[in-house]
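Residue numbers (this note's numbering): 81 to 151.
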């Protein structure tokens, strides 16, 4: 059974990249990643009645440090 969603609920989808590549390309890629997550949430019905905000951080706010040769 699903719980009702609060009327003003917002979900934040953030996209990131590493520092490899052009700054503008990484910004675009990170925004596309965030928007892909938002689209997936909507398609799955998980975002019904919820605002999904997206932000692309590019390489400006890394989640992890880039290390050459690291998988």
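Glycine residues also receive a C-beta, built at the ideal position from the N, C-alpha and C atoms.
Alpha carbon to alpha carbon, how far is residue 91 from residue 130? 7 Å
Kindly identify the DSSP beta-bridge partner or partners of residue 136. 95
With distances taken from CA atoms, which of 119, 99, 127 is nearest residue 137? 99
Are the beta-carbon atoms of residue 93 and residue 135 separated by less than 9 Å? yes
Please classify residue 95 as buried or exposed, where buried requires at least 16 other C-beta atoms within 10 Å of its C-beta. buried
How many Å lie between residue 111 and residue 144 at the Cα? 18 Å
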